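Numbering (the working numbering), first residue to last: 11 to 75. Think of the CB as a built atom: it goes at the ideal place given N, C-alpha and C, for glycine as much as any other residue. From a predicted model like this one, the values you see are computed outputs, not experimental measurements.
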Amino acid sequence: MRSTEETMLMDTMIANGVSNKMTEQATGLAAPKPVQKENAAKLETRDMLLANGVDEEMADLAADL
Numbered sequence: 011m012r013s014t015e016e017t018m019l020m021d022t023m024i025a026n027g028v029s030n031k032m033t034e035q036a037t038g039l040a041a042p043k044p045v046q047k048e049n050a051a052k053l054e055t056r057d058m059l060l061a062n063g064v065d066e067e068m069a070d071l072a073a074d075l
């Protein structure tokens with residue numbers, strides 16, 4: 011279910027000529043693509059490693075970024 015702000019944003023974007031598909035992607039209402047899920051998992055792994063004191067370069071390598 012959309013909030014009032016999301017509905018207003020979508021209406022504004024559509025009024026400015028943005029396609030419905032692009033509007034849903036821009037507002038985050040479209041279903042995530044597999045690549046987005048994979049990237050999110052990699053970033054989550056990297057953040058967890060950094061939070062546990064792992065060097066940034068090593069965290070990037072371990073998360074396969």
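query, result
"From residue 38 to residue 57, what does the alpha carbon distance come to, in whole angstroms?", "22 angstroms"
"When the Cα atoms are used, what is the spatial distance from residue 54 to residue 66?", "13 angstroms"
"Just to confirm before moving on: does the CB-CB distance between residue 33 and residue 18 stay below 7 angstroms?", "no"
"Please classify residue 36 as buried or exposed, where buried requires at least 16 other C-beta atoms within 10 Å of its C-beta.", "exposed"
"Hey, would you say residue 60 sits closer than 7 angstroms to residue 50, going by beta carbons?", "no"
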